[in-house]
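Structure record follows, encoded as structure tokens.
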Amino acid sequence: MEQKIKSELEAKLKGELSFEESLAKHTYFRIGGPATVLIIPADIEDLQKTLSYLHSNGLEYRVLGNGSNLLVADEGFAGVVIKLAGSLNEIEIDGSTVRAGAGARLPVVARRAAKAGLAGLEFGVGIPATVGGATVMNAGLGASASVGGLINRVEVLSATGAKQSFEQANCEFAYRSSRFQEGSSVIVEVEFGLTVGDSQNIEAKMKELINSRRQSQPLSLPNAGCIFKNPEGDSAGRLIDEAGAKGLQIGGAKVSEKHANFIVNDGGARARDVLELIDKVRSLVNRKYGILLELEIEFWPSRR
Ligand code: FAD
Ligand code: EPU
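For the sequence shown, position 75 (counting from the first letter as 1) is numbered 63 according to my numbering, and the numbering increases by one without interruption.
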């Protein structure tokens, strides 16, 4: 990327800019090479300016939330990454409506809602997502509860920086999927419609969910959550486990002994180790069950 572009971006924006920034520092897996430019916009105007500048200069970009569903290549991403975690993180509660900025952390929103006596988002307490990332992925539990079912409206900026609003019915929410996985819109705010409940009951439910997660998921090593989506009516974790893949290791990447649908970074794992392990697990399951598991995590730079 030309120095001129870097200097113009620096001059234009109030937010944080870094060059050749390691994406391993910004992903849960702790894996990945550098982004040419990483921008953390100061506010929505800053984000609008960024998008319209990138658009007029024909520059490619990716949006990064909390990096909890991403595997970034060892070579990194040759382009601009716009990180929203920690920025655009206002949370506003009005009756049973919660409006949250896309960079707000889902567990923080869930706890604020619980404190206000609002039920529905309890499951969000254990998902290390931003509100934007959770909306893109329609994050949730198995098939039983997900953010899409609680969302009234999603506000986005288009690639040119123009504002657009989507009602729930137009968001195309399905299991781990939404319309926001296509195209290059940036989610900036989400409105949730919750249900009035009792704070103590809501907090007790959250505690239970956290405990059961601690027992079944490997939370002490870097990972990106479940690697594969569950095939309809089954669990990828169970299939991988029964195919005998638990404990398989390539370089620093290892199929978790605790939950077979998690690959953990056991120390110094490279993206290519994880990719090789994914192929191996996939072919073991395919050979045993004739099922081709579909990736849930996203690999950068290629699209899903
Ligand atoms: P990222 O990983 O940063 O990005 C994911 C995708 O969203 C990318 O395509 C990115 O470009 C896009 N994106 C992010 N923000 C925006 C935005 N504002 N506008 C437009 N695009 C955007 N998932 C579940 O569903 N249920 C679980 O129970 C669960 N448990 C997990 C447990 C652990 C320990 C971990 C590490 C992960 C878990 N996950 C779970 C996976 C992950 O947390 C979710 O997929 C989450 O929704 C990703 O959010 P993020 O902010 O980290 O997004
Ligand atoms: N199982 C095994 N072996 C394993 C793992 C699981 O036999 O190694 C069995 C369990 O004993 C259980 C069944 O598989 O009978 C389901 O396991 P679990 O309850 O752990 O749920 P899951 O289907 O594996 C889903 C989501 C998780 C979410 C949990 C909440 C997917 C792909 N996974 O996991 O989401 O946290 O439910 O219970 O939908 C994610 O998407 O990143 C994620 C972590």
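Even glycine gets a Cβ: it sits at the ideal position worked out from N, Cα and C.
query, result
"With a 10 Å radius around its C-beta and 16 neighbouring C-beta atoms as the bar for buried, classify Asn249 as buried or exposed.", "buried"
"Is it the case that the Cβ atoms of Val119 and Ser166 are separated by a distance below 8 Å?", "no"
"Under 8 Å Cβ to Cβ from Leu236, same chain only, skipping five residues before and after it: list those, please.", "Lys242, Val243, Leu265, Lys268, Val269"
"Quick check: Ile139 and Val178, are their CB atoms within less than 8 Å of each other?", "yes"
"What is the residue span of the alpha helix (DSSP H) that Val135 lies within?", "Here Val135 belongs to no alpha helix (DSSP H), and DSSP marks it neither H nor E."
"Closer than 5 Å is what we want: which residues have a beta carbon that near any heavy atom of the ligand EPU? List them in chain order.", "Leu129, Gly130, Ser204, Gly213, Cys214, Asn218, Ser223, Gly225, Arg226, Asp229, His247, Ala248"
"Any idea what DSSP makes of Gly255, helix, strand or coil?", "coil"
"Under 8 Å, with one C-beta from each stretch per pair, do the region 105 to 116 and the region 179 to 189 reach the 3-pair mark?", "yes"
"Considering Lys(-6), what are the terminal residues of the alpha helix (DSSP H) in which it resides?", "-9 to 0"
"I believe Leu39 touches Ala147 by the beta-carbon criterion, under 8 Å. Please report the beta-carbon distance rounded to the nearest angstrom.", "6 Å"
"Is the CB-CB distance between Leu281 and Ala224 below 8 Å?", "yes"
"State buried or exposed for Glu9, treating a residue as buried only when at least 16 other CB atoms are found within 10 Å of its CB.", "buried"
"Please report the distance separating the alpha-carbon of Leu47 from that of Asp62.", "22 Å"
"Select from Ala98, Lys(-6), Ser75 the residue whose C-alpha is nearest the C-alpha of Val86.", "Ala98"
"With a cut-off of 8 Å on the beta carbons, I'd call Leu11 and Gly21 a contact; round off their distance for me.", "7 Å"
"I want to check one thing, is the minimum distance from the CB of Glu78 to the heavy atoms of the ligand FAD below 7 Å?", "no"
"Counting only beta-carbon separations shorter than 8 Å, does Glu177 have a partner in chain C?", "In the displayed structure, chain C is absent; only one protein chain is listed."
"Okay, do the region 151 to 167 and the region 81 to 96 touch, 3+ Cβ pairs below 8 Å being the bar?", "no"
"Can you look up Arg260 in the DSSP assignment and give me helix, strand or coil?", "helix"
"Can the beta-carbon of Leu145 be found less than 8 Å from the beta-carbon of Phe216?", "no"
"Going by DSSP, what residue range makes up the beta strand (DSSP E) through Leu26?", "22 to 28"
"Under a three-way DSSP split, which group does Arg164 fall into?", "coil"
"Roughly how far, in whole angstroms, is the beta-carbon of Val60 from the beta-carbon of Ala257, given that I think they are within contact range, below 8 Å?", "Between Ala257 and Val60 the Cβ distance is about 12 Å, and since that is not below 8 Å, they are no contact."
"With a threshold of 7 Å (Cβ to nearest heavy atom), would Asp118 be considered close to the ligand FAD?", "At residue 118 the sequence reads Thr, which differs from the Asp that was named. It does: the Cβ of Thr118 is within 7 Å (strictly closer) of some heavy atom of the ligand FAD."
"Could you tell me which uninterrupted beta strand (DSSP E) segments, each at least 3 residues in length, are contained entirely in the region 214 to 247, listed from first to last along the chain?", "241 to 243"
"Given 7 Å as the limit, tell me if Ala266 has its C-beta closer than that to any heavy atom belonging to the ligand FAD.", "With the sequence shown as reference, residue 266 is identified as Ile, and Ala is not the correct amino acid for it. Outside the cutoff, so no."
"Buried or exposed: where does Pro289 fall if 16 or more other Cβ atoms within 10 Å of its Cβ makes it buried?", "exposed"
"Mind checking who Gly181 pairs with in its DSSP beta bridge?", "Thr85"
"Hey, how far is the Cα of Cys214 from the Cα of Gly128?", "12 Å"
"Is Ser75 near the ligand FAD, in the sense that its beta carbon is under 7 Å from a heavy atom of that ligand?", "no"
"Put Glu80 into one of helix, strand or coil per three-state DSSP.", "strand"
"So, at 6 Å on beta carbons, what are the nonlocal neighbours of Arg50 in its own chain, with the 5 sequence-adjacent residues on each side left out?", "Val69"
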